[in-house]
Amino acid sequence: MSEQTIIIADDHPLFRGALRQAVGGMEGEQIIVEAGDFQAARAAASAHVEADLMLLDLSMPGSSGFSGLMALRAEFASLPIVIVSASDDSTTIRRALEFGASGFISKSSGIDDIRRGIQAVLAGDIFTPSNYQEGQEQDPDIADLVRRLQTLTPQQSRVLTMLAEGLLNKQIAYELGVSEATIKAHVSAILLKLNVDSRTQAVIQLGRINMAMVA
């Protein structure tokens, strides 16, 4: 078995250690890259484009809820991401999958269950906790918002998450290596898809998804 590169992104050193222990007990050779905040997670993904998997805490410094997942899915489309979170209700799990996660592992899981989840996703499966009950979104407004967010292109998703970080158009253009006119066009498309009139309202809509998480 060839070596596998796994990025562990969590701001709690003790839990990173638990994840490292789970990964270390698998067959083959694993290269483990650790990140303690969202920017470090993004940098790790950039530096290890060959990575086989990222284990991502849903809430850590530099990111809030699903916006971090959306940003990473947009920027690193081929990198499977498994959400690891203490918020493990069915609604949170379902939304993580809707926004592109390849699996969900509860922080209350034992080492063996964590390892099983990691192995399942590495094998190409979607992993969810055994008590996960797949269902429909109960809030019709949130369900509509999720559908609208899913229509964003990867670049539009990146622009939206950068708007949420408070960046100006010219700053986003610099970060993405495109013209400011291109960013303005992306922002216009985002507003249209989300059915809002301003970038502030677009950011508020994104925030609604994160606030809807069950703490």
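For what it's worth, our numbering labels the leading residue of the sequence shown as 1197, then goes sequentially. Cβ coordinates follow ideal geometry from the N, Cα and C atoms, glycine included. Note that the structure is a prediction, hence the values are computed from the model and not measured.
For the alpha helix (DSSP H) assignment, the uninterrupted runs of no fewer than 4 residues enclosed by the segment 1202-1280 are, from N- to C-terminal side, 1209-1220, 1234-1243 and 1262-1271.
Cβ atoms of V1219 and I1203 stay farther apart than 8 angstroms, at about 10 angstroms. A distance below 8 angstroms separates the beta carbons of A1237 and A1231. Per the DSSP secondary-structure output, F1300 pairs in a beta bridge with I1279.
Using a Cβ-Cβ distance cut-off of 8 angstroms, the segment 1341-1357 and the segment 1383-1390 are in contact, since at least three pairs of beta carbons, one from each stretch, lie closer than that value.
Counting the other CB atoms within 10 Å of its CB gives N1365 a total of 16 or more, which places it among the buried residues. Under the criterion of beta carbons closer than 8 angstroms, D1206 and V1317 do not qualify as touching, at roughly 16 angstroms. Residue state for Q1200 is assigned as strand, using DSSP reduced to three classes. Taking C-beta atoms as the reference points, L1341 and Q1397 fail to come closer than 8 angstroms. Boundaries of the alpha helix (DSSP H) harbouring G1313: I1307 to L1318, taken from the DSSP string.
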